[in-house]
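Protein chains in written order, with the working numbering: chain A, 802 to 1166; chain B, 802 to 1166; chain C, 802 to 1166; chain D, 802 to 1166. Ideal placement from N, C-alpha and C gives every residue a C-beta, glycine not left out. A short write-up of the structure that comes next.
4 protein chains.
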Amino acid sequence: MKNTFGNSVTVTLFGESHGSEIGAVLCGMAPGIPVDEADIAAALARRRPTADTGTARREPDRFRVVSGVFQGRTTGAPLCIIIQNDNTRRNDYDSWRGLARPGHADYTAYMKYHGFEDYRGGGQFSGRMTAPLVAVGAVAVRALAAKGIVIGTHVAAVGNVKDRPFEDLAADIAALPTAPMGMLDEVAAEQARVLIKSAAAAGDSVGGMLETAVVGLPAGVGEPFFDSVESVLSHILFSIPAVKGVSFGAGFDFVTLRGSQANDAMRMQNGTPIALTNKNGGVCGGISNGMPLLFRVAVKPTPSIYKPQQTVNFLTGENATLQLTGRHDPAVVHRARPVADAVTALALCDLLALRYGTDYLGEKT
Amino acid sequence: MKNTFGNSVTVTLFGESHGSEIGAVLCGMAPGIPVDEADIAAALARRRPTADTGTARREPDRFRVVSGVFQGRTTGAPLCIIIQNDNTRRNDYDSWRGLARPGHADYTAYMKYHGFEDYRGGGQFSGRMTAPLVAVGAVAVRALAAKGIVIGTHVAAVGNVKDRPFEDLAADIAALPTAPMGMLDEVAAEQARVLIKSAAAAGDSVGGMLETAVVGLPAGVGEPFFDSVESVLSHILFSIPAVKGVSFGAGFDFVTLRGSQANDAMRMQNGTPIALTNKNGGVCGGISNGMPLLFRVAVKPTPSIYKPQQTVNFLTGENATLQLTGRHDPAVVHRARPVADAVTALALCDLLALRYGTDYLGEKT
Amino acid sequence: MKNTFGNSVTVTLFGESHGSEIGAVLCGMAPGIPVDEADIAAALARRRPTADTGTARREPDRFRVVSGVFQGRTTGAPLCIIIQNDNTRRNDYDSWRGLARPGHADYTAYMKYHGFEDYRGGGQFSGRMTAPLVAVGAVAVRALAAKGIVIGTHVAAVGNVKDRPFEDLAADIAALPTAPMGMLDEVAAEQARVLIKSAAAAGDSVGGMLETAVVGLPAGVGEPFFDSVESVLSHILFSIPAVKGVSFGAGFDFVTLRGSQANDAMRMQNGTPIALTNKNGGVCGGISNGMPLLFRVAVKPTPSIYKPQQTVNFLTGENATLQLTGRHDPAVVHRARPVADAVTALALCDLLALRYGTDYLGEKT
Amino acid sequence: MKNTFGNSVTVTLFGESHGSEIGAVLCGMAPGIPVDEADIAAALARRRPTADTGTARREPDRFRVVSGVFQGRTTGAPLCIIIQNDNTRRNDYDSWRGLARPGHADYTAYMKYHGFEDYRGGGQFSGRMTAPLVAVGAVAVRALAAKGIVIGTHVAAVGNVKDRPFEDLAADIAALPTAPMGMLDEVAAEQARVLIKSAAAAGDSVGGMLETAVVGLPAGVGEPFFDSVESVLSHILFSIPAVKGVSFGAGFDFVTLRGSQANDAMRMQNGTPIALTNKNGGVCGGISNGMPLLFRVAVKPTPSIYKPQQTVNFLTGENATLQLTGRHDPAVVHRARPVADAVTALALCDLLALRYGTDYLGEKT
């Protein structure tokens, strides 16, 4: 299936880091969903590097909605958003050609594409490809919000600096768009900023962790086996470059829990069964249980660092030392936040459309 | 897509815990692969509960290969394996009907299927449904082995008892079929056994962690974005009941690593680029790099425990206390080992067939 | 995708002509649909050869519903039906091995499967594989009927004997289950029977045409481009062995029509727009328009004939003359009728589930 | 799946008749295929209306290859081609809003999209959407040609004017690019032109038939049941607007043939089995047999005619008379020729990639 994700609602990506344009096609969204370019612009802005903790490549992310929207609302036809690549530098890639940057896809792309790959700036493997995903994801986020389904992702950790956990979900999620570093705890955010700048100063980079909550998802969504909520979400979360771990609810903490600690006791509340804890992260048997979805995503440190690295030239078959120059992020975990929101929204739209039909997320005339 | 996984090579499951038969259909496997019923029987045996650490439900797992095999080899037609359910008890489920077992799918199934679900023994949500997956997976495991691709899963942890990590992969994987508790360290295995029995004696259960290695996968397999190796593997791994976390290579340890620690330096070795470490778990940019695949899976404690639990009756809308009886595993992590092998093999066959064509895994006349 | 069809509702086939069992797995059907084994038996009976115009192979089509049904209704879990192969003859296939029967799949299967294919009785290419399709299709037919969507297929032609066209659709469809030869006109039916017997006496076979009508399908179903109603239906109709043509509405008659003749004028009727004619066969722009679906299917003559035929032995690479013996149908068009009904029902269930959600066809508690 | 077609090689469309741009994303094509913009331009030119037999809307079809091509060859990444819509008229659609044009998708789109559809010029239902399909199809055509697989489509009929059948396939296909009206017989071409002009003068339109041949496809391609060559090709052929019938080989002529006439006798020729006739159109059992693929496509008359038509206003629920103005084709069958070539090429690339792997159509370094 390659570059298309989803069954009822699908997203297809195209473009490369140094092409003229990149884009995404979102198919199967219900008709009648309001599309506000300000939503898209705001989501793209959250993805852009910040002044002191990000790459010096500055992309204004000028986008246009090419299809699928008419008179301010989705038509039900494929919705394509195209973003300009403005700030590409085309000069210096040939001199590196053949040098595998450790942790990057240079060598694997070469093995897959036999040297025909566009190697400039990572080509289709670039983190830049998450921009169109964020753009169409903003449409999905808006559609879900109209149904009372709200998504929030905070930076749960940068290196060993930890954010506080979610507490009051509604309030915490509402605070996230303006939260420094995407963290709930301002002190932790400041520590994270210092840590990133310190790593950058050392020519190095740092990893981090995201935690996402989804409030308002009805119980009964997801499929029992191969298309469990966890399967579908992890599939698209692991598509995000640099993601190397995904866990739901207590996740890897389940390893050391007893069943009596891991099970979420249930009680009736206002006529609805609820769980008193949420160790299962809102999913039992692959299907949503009406509690908030909760999952964590491990993001590896940016592989682009300025320290000299041992590597190979896969064209010449010789050992080499790599000394990167150019513009790179010392951390991407905070920039990955809107990407996590976007892919979560897209996957949930797909599951909801499968469950309730292609009209579910739209409005009727 | 529901109960079918895969694009080029697909697997479809059917059956319920208390039906007469359960089965799996494997489509798209190359023709000419030897099918040895002893392989299938051995894999099923590894999945069965052991005398002192498992459920008292004893299933002989009598199976038959119904289609897709002729004269001892795959024909290329859909390969269906059916397993008898022999040891079902049909008497006591109606008395529990409506009581949501915490951590189980009773309530979510009810919300999805409106009360029409087969609630006996978990129905299609039962861990029993992994048996046919293991059976067809054994065919995939054999096909991969003929190409020099070998899969091994050890129990990396049971509760806080940790196995030693993989060292000599070839030797460790070869030792696994007869390893006690599926652990590489015999002392840890004994401690794990004691822990499980102790939890069982307390009417409780324990979680654990699996670690899987795949040796021999060529570089250049997987897709760059939505069908990355990590995406495809995590999708099917999260399909396994009780799995709540999946990570590749350093996984969640990446959170606290610097880029200079996380990047795998490369060198030429016998004319081939290799990585000196394997923090990326054999995958860069979603594509295999020729190093062993390495990933970990968190398995939650069996939700079936004998301690009284607070819950609800979702049919009557009343609070209730649940006191389980019956036959349950105090731990499933070691029984999940052949399931992890099976789904890994199935996912890799799919990715390899996509890459190299539907004949790749077979033999030519 | 191989042996699975569909997106929201899927069907997977397994088995071979001379295996012990054949079957189908139907996934994604809504919960709560009544499943009556008499429906299934009746549909299978319509597919069986009749005394004087069919093969001497007599299959009682003993079937069992293995999963997905509980207390007489679908559960929402995969529904598997398995049929016994009782009347297989295993003795005489090896002597023919290598001889390509003209019009059959012997040579193409060999080129695809390199000689590993099960060549006995056509293996997975046998028309026998339509039996499980008819069985699960009967569940789909019943589900649609509960929504007022009724399917009927008549034998529109056998050789140059033509049935009368559909007139009063409701009455005609109601009459079909007991119509001789599946034809609306009794005289034509008798002529067709004579024609088939005459061809059989000459060691030959005859082709035919089916015409299917679907009443009650709501307007607005289908996708505008790649998954148009015509695309989805033709896809599964061409899966039926021996089908070589599919057309909708006026079909190939459109070639010689003018637009003024081809366009269906519209009028309001009881508050709903209707078409005064139905040249478009109920589909405009790929989407249903609320008029009856109407399509025709060309079925080629059974390739198994008793006349000597020029062919090759693809194992030895020599020319050969084939003189078939054994039990073969002189016509299959009338036996294909329930198959057309079944695949139409399955495809429509898929399109309806996509449009209205996976609960649409079921009942709520 | 909506607006994506294919499994291994996929194509996704986006855009509307009156949007600023329309496009297609082709994923899964092998790396290393030469991409020549002249090929694309030539294919688009064949699709454009001709001076005297086509719509007055003149689109220069200015296109750009946005991604997936580097240094003149495919990279293996998604290949996106975007075409400008230059000649749109935005003024007059609102006055018609609600009037269902008979034979068009106005009413069905309204029923599917609840009035949110972009109704200008047919929106996504416009024949204009075939332009990007032709553009990416040209890449597929070129890739196949490099493997010796050549596709040719002639206009087999316009109304009751028939072209001669294919004779010498290689020569006939070579002659097609410059053949008048896309017909092999020049006299028939002139008669067709007269017929179309005569229909246009009468404010009417005419239907037609295409016949496509594919030479060089190896034997053994296609899947035995649901993804037969016929299923996959018909699926995408019926996606083309105005196509209402598809048949393979003798097609609907099989209805009146005997088996002894319908079976293609076989002989050895230069060590390869061939068929002496090609009634089966190159496909037996759903799998290619090495003979040329042959199929026919019925194209209905353009529904846009200038005669007054009875219709309804589905917004007001009133009967109405429609008097179309604007720019419309009196026939589209000849313009559909490059579309048939394109979708045939795309479908075959998908089947070949599934069979032989994603590298098959490319070149190695």
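{"query": "Tell me which residue opens and which closes the beta strand (DSSP E) that residue 830 of chain B is part of.", "result": "No beta strand (DSSP E) contains residue 830 of chain B, which DSSP labels as neither H nor E."}
{"query": "Where do the ends of the alpha helix (DSSP H) carrying residue 1012 of chain B lie?", "result": "Looking at the DSSP string, residue 1012 of chain B is not in any alpha helix (DSSP H); the run it does join, the beta strand (DSSP E), is 1009–1016."}
{"query": "Would residue 817 of chain D count as contacting chain C if we go by Cβ distances under 8 Å?", "result": "no"}
{"query": "Give the interface partners of residue 920 of chain B over in chain D, defined as CB-CB distance under 8 Å, in chain order.", "result": "Correct list: empty, because the minimum Cβ distance to chain D is about 33 Å."}
{"query": "Determine the extent of the alpha helix (DSSP H) in which residue 1037 of chain A is found, giving its start and end residues.", "result": "1030–1038"}
{"query": "Which of the three DSSP states is assigned to residue 976 of chain A in this structure?", "result": "helix"}
{"query": "Going along the chain, which residues of its own chain have a beta-carbon closer than 6 Å to the beta-carbon of residue 974 of chain D, five neighbours each way excluded?", "result": "951 and 953"}
{"query": "Would you tell me roughly how many angstroms separate the C-alpha atoms of residue 1155 of chain C and residue 990 of chain A, rounded to the nearest one?", "result": "44 Å"}
{"query": "Pick out whichever of A:815, A:922 and A:900 has its Cα sitting closest to the Cα of residue 1127 of chain A.", "result": "A:922"}
{"query": "Using a Cβ-Cβ cut-off of 8 Å, state whether residue 878 of chain A counts as contacting chain D.", "result": "yes"}
{"query": "Using C-beta distances below 7 Å, list every residue in its chain close to residue 766 of chain D, excluding the 5 sequence neighbours before and after it, in chain order.", "result": "The structure shown does not extend to residue 766 of chain D, since chain D is modelled only from 802 through 1166, so no value can be given for it."}
{"query": "List, in order along the chain, the chain C residues whose C-beta lies closer than 7 Å to that of residue 904 of chain B?", "result": "Simply none; closest approach about 20 Å."}
{"query": "Could you give the residue range of the alpha helix (DSSP H) that holds residue 1141 of chain C?", "result": "1138–1157"}
{"query": "Would you kindly check if the distance between the Cβ of residue 1009 of chain A and the Cβ of residue 1132 of chain A is under 8 Å?", "result": "yes"}
{"query": "Is the stretch 1115–1122 of chain D close to the stretch 933–947 of chain C, with three or more CB pairs under 8 Å?", "result": "no"}
{"query": "Check each residue of the stretch 928–955 of chain A: if its Cβ is closer than 8 Å to any Cβ of chain C, include it; give the result in chain order.", "result": "none"}
{"query": "Within 8 Å (strictly less), CB to CB, does residue 1009 of chain C reach chain B?", "result": "no"}
{"query": "Reducing DSSP to helix, strand and coil, say where residue 981 of chain B ends up.", "result": "helix"}
{"query": "Starting from residue 1068 of chain D, follow the beta strand (DSSP E) in both directions and report where the run begins and ends.", "result": "1067–1070"}
{"query": "What are the partner residues of residue 1135 of chain B, as DSSP defines its beta bridges?", "result": "According to DSSP, residue 1135 of chain B bridges with nothing at all."}
{"query": "Give a yes or no on whether 8 Å exceeds the smallest Cβ distance from residue 1032 of chain A to chain D.", "result": "no"}
{"query": "Could you tell me which chain A residues have their CB closer than 8 Å to the CB of residue 1036 of chain B, listed as they occur along the chain?", "result": "1027, 1032, 1033, 1035 and 1036"}
{"query": "Would you identify the three-state DSSP class for residue 874 of chain B, choosing helix, strand or coil?", "result": "strand"}
{"query": "Quick one, which of A:904, A:865, A:919 and A:1152 has its alpha-carbon nearest residue 880 of chain D's?", "result": "A:919"}
{"query": "Does the contact criterion of 3 or more C-beta pairs under 8 Å hold for the stretch 1012–1028 of chain A versus the stretch 1081–1099 of chain A?", "result": "yes"}
{"query": "Put residue 987 of chain B into one of helix, strand or coil per three-state DSSP.", "result": "helix"}
{"query": "Which chain D residues sit within Cβ distance under 7 Å of residue 808 of chain B?", "result": "808"}
{"query": "Going by C-alpha to C-alpha distance, which of A:819, A:913, A:820 and A:865 sits closest to residue 839 of chain A?", "result": "A:865"}
{"query": "What do you reckon, are the CB atoms on residue 1129 of chain C and residue 1105 of chain C nearer than 8 Å?", "result": "yes"}
{"query": "Tell me where the beta strand (DSSP E) around residue 1119 of chain A begins and ends.", "result": "1119–1123"}
{"query": "Could you list which residues in chain B have their beta carbon closer than 7 Å to that of residue 804 of chain C, in chain order?", "result": "828 and 879"}
{"query": "Could you give the first and the last residue of the continuous alpha helix (DSSP H) run that contains residue 841 of chain D?", "result": "838–848"}
{"query": "Are the stretch 1041–1050 of chain C and the stretch 1045–1061 of chain D touching by the rule of at least three beta carbon pairs closer than 8 Å?", "result": "yes"}
{"query": "Grab the span of the alpha helix (DSSP H) containing residue 1061 of chain D for me, first residue to last.", "result": "1060–1063"}
{"query": "Identify, in the order they occur along the chain, each residue of the same chain with its Cβ nearer than 8 Å to the Cβ of residue 1163 of chain C, setting aside the five sequence neighbours on each side.", "result": "830, 831, 832, 833, 834, 875, 877 and 944"}
{"query": "Which value, in whole angstroms, describes the spacing of the CA atoms of residue 1000 of chain C and residue 843 of chain C?", "result": "28 Å"}
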